[in-house]
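Asks:
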Amino acid sequence: MFIKIIATIVIGFFSHSIHALSLSIPKSIVDNSISKKFPKEKLSITLDKPTTKFIKDSQRIELCGIWLSKISQHKGEFCINTQLTWNKSKGNVEISKVNILKITLGEDKELSNALAATLNSTLLTLFDGTSIYQAPEIIGKNLEAIEITESSLRLKF
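Count the sequence shown with this note's numbering and you get residues 9 to 165, in order.
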């Protein structure tokens, strides 16, 4: 009986003192990881010079940059926002649910329908599933949540 009481006290103590593991990844590390993936190219469209903004309120990341078309010789700017997902099999954080915020053509010109369609397709397919952080193997692959702050990602295991 005495051993059961001691065991219950010890288990209760450890269950209250154990906290979930949390890993904070600074924005600079995420920015560096994203920059290494550029330039990206598909269908004669090149995307380059990425910049990010972490948006805590909506738990999204805004990613902007420039685009260049090799065929039409046009260039402009793009902005997307995205949620992040955990790829359990790979143990990494990936871009998902891409939403196009803007696509502009330099000198305030309108995009042709064909170019706009190509850019839309390119932006959506090039970013979806892009890895932005690989978790260390020792951490494991069971993630409970991803929290975005203004200056970091917090992974809660």
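Virtual Cβ for every residue (Gly too), placed ideally from N, Cα, C.
1) Exposed or buried, what is Gln143 when buried is set at 16 or more other beta-carbons lying within 10 Å of its beta-carbon?
2) Count the C-beta pairs between the region 40 to 60 and the region 132 to 149 that are closer than 8 Å, then say yes if the count reaches three, no if not.
3) Rounded to whole angstroms, what's the CA-CA distance from Ser120 to Pro34? Just pull it up for me.
4) Gly73: buried (16+ other C-beta within 10 angstroms of its C-beta) or exposed?
5) Which same chain residues, not among the five before or five after Val106, have their C-beta less than 6 Å away from its C-beta?
6) Looking only at C-alpha atoms, which of Gly84, Ser97, Ala124 and Val101 sits nearest to Gly114?
7) Are Thr126 and Ile53 closer than 8 Å when you measure CB to CB?
8) Under a three-way DSSP split, which group does Ala124 fall into?
9) Hey, would you say Leu123 sits closer than 8 Å to His82, going by beta carbons?
10) How many whole angstroms separate the CB atoms of Trp94 and Ile146, which I take to be in contact at a CB cut-off of 8 Å?
11) Please state the DSSP three-state secondary structure of Asp56.
12) Count the other CB atoms within 10 Å of the CB of Thr59; is the residue buried (16 or more) or exposed (fewer)?
13) Please report the residue range of the alpha helix (DSSP H) in which Ile42 lies.
14) Under a three-way DSSP split, which group does Ile147 fall into?
Replies: Short version:
1) If you number the sequence shown from 1, residue 143 lands on position 135. Rather than Gln, the amino acid found at residue 143 in this sequence is Ala. Counting the other CB atoms within 10 Å of its CB gives Ala143 a total of 16 or more, which places it among the buried residues.
2) yes
3) Residue mapping note: residue 120 aligns to position 112 of the sequence shown, counting from 1. Residue mapping note: residue 34 aligns to position 26 of the sequence shown, counting from 1. Ser120 and Pro34: Cα-Cα distance of roughly 39 Å.
4) For the purposes of this step, residue 73 is identified with residue 65 of the sequence shown, where counting begins at 1. Answer is buried; the Cβ neighbour count reaches 16.
5) By one-based count along the sequence shown, residue 106 stands at place 98. Excluding sequence neighbours, Val106 sits near Ile88, Thr90, Leu132, Phe135 and Asp136.
6) As a working mapping, residue 114 is identified with position 106 in the sequence shown. Gly114 has its Cα closest to that of Gly84, out of Gly84, Ser97, Ala124 and Val101.
7) For the purposes of this step, residue 126 is taken as the residue at position 118 of the sequence shown. For the purposes of this step, residue 53 is taken as the residue at position 45 of the sequence shown. Between Thr126 and Ile53, the CB-CB gap stays under 8 Å.
8) For this step, residue 124 is matched to residue 116 along the sequence shown. When secondary structure is reduced to three states using DSSP, Ala124 falls in the helix class.
9) Locating residue 123 in the sequence shown gives position 115, where the first residue counts as 1. Locating residue 82 in the sequence shown gives position 74, where the first residue counts as 1. His82 sits close to Leu123, with the two beta carbons spaced by under 8 Å.
10) The sequence position of residue 94 within the sequence shown is 86, counting from 1. The sequence position of residue 146 within the sequence shown is 138, counting from 1. Not a contact, Cβ separation roughly 17 Å.
11) On the sequence shown, position 48 is the one that residue 56 refers to. In this structure, Asp56 counts as strand in the three-state DSSP scheme.
12) Locating residue 59 in the sequence shown gives position 51, counting from the first residue. By the neighbour-count rule (16 or more Cβ atoms within 10 Å), Thr59 is not buried but exposed.
13) Within the sequence shown, residue 42 is the residue found at index 34, counting from 1. Per DSSP, Ile42 belongs to the alpha helix (DSSP H) from Lys35 to Ser43.
14) For the purposes of this step, residue 147 is taken as residue 139 along the sequence shown, with counting starting at 1. Under the three-state reduction of DSSP, Ile147 is assigned to helix.
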